[in-house]
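K.L.:
In full-length UniProt numbering, the protein residues as written are 1 to 107. Where a beta carbon is used, it is the ideal one built from N, C-alpha and C, also for glycine. Here the structure is a predicted model, which means the values were calculated and not measured.
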């Protein structure tokens, strides 16, 4: 399972109104660290699909979302729970570090 793309048009329905926590990966095609973290997020999504959804927002294609959530560097990941930002993770990290950052949602 790979993280699916979310756009400004689908963000509210897929993220803000989700029943379970959603990690939003703010990324861009030209971002090397974003490409490094993407397969790690796909693994976490596959292993924890019952606990958390993982989606991607391309900041170049969805600048209003990037501005709304104050994305100033990428990769930036925000976990939304109940329609609100609950956790923010900045930068590419190895899988154990990301899982530690997300422990509250993966338990």
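Under 8 Å by Cβ, that's how I've got residue 3 and residue 65 pegged, so tell me the actual separation to the nearest angstrom.
P.N.:
That pair is no contact at about 15 Å.
K.L.:
Shorter than 6 Å, the distance from the beta carbon of residue 36 to the closest heavy atom of the ligand ADP, or not?
P.N.:
You won't find the ligand ADP in this model; it holds no ligand whatsoever.
K.L.:
Buried or exposed for residue 21, going by 16 or more other Cβ atoms inside 10 Å?
P.N.:
buried
K.L.:
Is DSSP giving residue 84 helix, strand or coil here?
P.N.:
strand
K.L.:
Find out if the Cβ-Cβ distance for the pair residue 85, residue 71 is shorter than 7 Å.
P.N.:
no
K.L.:
Using DSSP bridges, identify the partner residues of residue 5.
P.N.:
56.
K.L.:
Determine the extent of the alpha helix (DSSP H) in which residue 101 is found, giving its start and end residues.
P.N.:
95-101
K.L.:
What is the C-beta distance between residue 67 and residue 24, in whole angstroms, given that I count them as a contact (C-beta under 8 Å)?
P.N.:
Wrong, their Cβ atoms sit about 14 Å apart, outside the cutoff.
K.L.:
Among 104, 98 and 62, which one has its Cα closest to the Cα of residue 38?
P.N.:
98
K.L.:
Using only the alpha-carbon positions, how far apart do residue 33 and residue 14 sit?
P.N.:
25 Å
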